[in-house]
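Numbering (this note's numbering), first residue to last: 29 to 258.
We put the CB at the ideal spot given by N, CA and C, even for glycine.
Keep in mind that this is a model prediction, so the values were computed, not measured.
Below: the structure, in structure tokens.
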Amino acid sequence: MSKVFALIISVIILFLLILSLTKIKLRVLYRKQGKNDRLSLEMFIWRGLLSYKMEIPVVETRKARPVKAPGSLLKLIPRPAFKVNIELEEKDGRLIAGEKKQIRIPGPVRLVTILINIIRLTKRYGPVILQLFRRIHLRRFQWQTRLGTGDPSHTGFITGLAWGLKGALVSVLYRLCASGGTKPFYKVVPDFENACFSTVFDCIFEVRVGYIMLTGFKALLVRLKIMIGG
């Protein structure tokens with residue numbers, strides 16, 4: 029009995045060791061062309077042997093309804109809905125499992141509550157999350173945007189702002205991630221003749237599962253410390 033127990037423990041330890049050394053690649057791909065939006069999230073492990081894909085296109089916006097009572101103005105704000113397509117595939121592209129859902133964005137009041145909770149959690153677990161970012165490697169970063177207002181002078185002004193905003197965001201992200209990653213590529217192409225906006229954001233992050241597990245453990249310690257202290 030003791031040998032069987034020791035064997036089970038050894039197998040579990042070996043599995044956790046292999047899992048902690050496993051690298052996960054997360055690809056974030058966002059495309060916007062006119063009114064068409066599509067966000068795709070892909071996760072690869074074991075060099076693509078197993079992949080997880082989730083696509084989120086915007087499919088509809090709720091129509092405004094007449095105001096029937098005071099305080100119902102917030103209900104008139106359009107709320108986009110997302111059709112989520114989740115797929116689990118093997119390396120050869122064979123579908124293992126799939127699921128489709130439709131998710132509606134929360135209303136303004138709910139969004140404010142969520143934002144407050146995010147700020148509170150960021151203050152609490154910010155240092156732990158920052159340590160995880162230091163372990164994340166940037167393997168691809170491409171962000172291309174084409175824009176135009178129909179007025180050449182306005183287009184030039186907006187293009188300059190877009191360049192500055194992109195440069196600031198990319199600089200912050202690059203400093204947060206581990207050193208030695210790929211060099212970010214981004215550009216803004218002005219269209220001085222047409223009013224348009226399109227953008228493509230393609231980014232791949234890589235991190236070991238062990239660092240994610242360690243971050244979860246540290247977050248648990250922070251949670252326990254708060255519970256004991258307060």
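| Residue span of the beta strand (DSSP E) that contains LYS215, given as start and end | One-based indexing of the sequence shown puts residue 215 at position 187. Note, LYS215: beta strand (DSSP E), 213-218.
| Reduced DSSP category for ALA97 - H, G, I as helix; E, B as strand; rest coil | Within the sequence shown, residue 97 is the residue found at index 69, counting from 1. Confidence at ALA97 is low in this model, with a pLDDT of 49, below 50, so the placement of that residue is unreliable and no value is reported for it.
| Looking only at DSSP bridge pairs, what is GLY208 linked to? | Along the sequence shown, read from residue 1 onward, the residue named residue 208 stands at position 180. Looking at the DSSP output, GLY208 shares a beta bridge with no other residue.
| task | Report the rounded CA-to-CA distance for ARG163 versus LYS215, giving the unit in angstroms. | result | For this step, residue 163 is matched to residue 135 along the sequence shown. For this step, residue 215 is matched to residue 187 along the sequence shown. Straight-line Cα distance between these residues: approximately 27 angstroms.
| Same chain, Cβ closer than 8 angstroms to VAL156, five either side skipped, listed in chain order | By 1-based counting over the sequence shown, the position of residue 156 is 128. For VAL156, where only same-chain residues beyond five positions count, the Cβ hits under 8 angstroms are THR243, LYS246, ALA247, VAL250.
| query | Which first and last residues belong to the beta strand (DSSP E) in which ARG174 is found? | reply | The sequence position of residue 174 within the sequence shown is 146, counting from 1. For ARG174, the enclosing beta strand (DSSP E) covers residues 165-177.
| request: Please state if the CB of ILE232 and the CB of ARG55 are separated by a distance shorter than 7 angstroms. | output: Taking the sequence shown and counting its residues from 1, the one referred to as residue 55 is at position 27. Taking the sequence shown and counting its residues from 1, the one referred to as residue 232 is at position 204. Yes; because the gap between Cβ atoms is below 7 angstroms, this pair is in contact.
| said: Taking the beta strand (DSSP E) that LEU54 belongs to, which residues open and close that run? | reply: The count along the sequence shown starts at 1 and reaches residue 54 at position 26. LEU54 -> beta strand (DSSP E) spans 51-61.
| message | Considering only heavy atoms of the ligand NAP, does any lie closer than 6 angstroms to the CB of LEU57? | response | Among the components of this structure there are no ligands whatsoever, and the ligand NAP is therefore not found.
| Residue burial classification, GLY195 (beta-carbon count within 10 angstroms, cutoff 16) | Here residue 195 corresponds to residue number 167 of the sequence shown, with the count starting at 1. GLY195 should be labelled exposed.
| said: Are the CB atoms of TYR80 and PHE229 within a distance shorter than 7 angstroms? | reply: The residue you call residue 229 lines up with position 201 of the sequence shown. The residue you call residue 80 lines up with position 52 of the sequence shown. In this structure, TYR80 does not lie closer than 7 angstroms to PHE229 by Cβ.
| task | With distances taken Cα to Cα, identify the nearest neighbour of ILE254 among ARG152, PHE225, THR227, ASN222. | result | Along the sequence shown, one-based indexing puts residue 254 at 226. Closest option to ILE254, Cα to Cα, is ARG152.
| request: For GLY62, count neighbouring Cβ atoms within 10 angstroms of its own Cβ and tell me buried if that reaches 16, exposed if not. | output: Locating residue 62 in the sequence shown gives position 34, where the first residue counts as 1. So GLY62 counts as exposed.
| task | Specify the secondary structure class of LEU67 as computed by DSSP and reduced to three states. | result | Start at 1 with the first residue of the sequence shown, and residue 67 comes out as number 39. Residue state, collapsed to three classes: strand.
| task | State yes or no: is the C-beta of VAL217 within less than 7 angstroms of the C-beta of ARG174? | result | As a position in the sequence shown, residue 217 is number 189, starting the count at 1. As a position in the sequence shown, residue 174 is number 146, starting the count at 1. VAL217 places its beta carbon less than 7 angstroms from that of ARG174.
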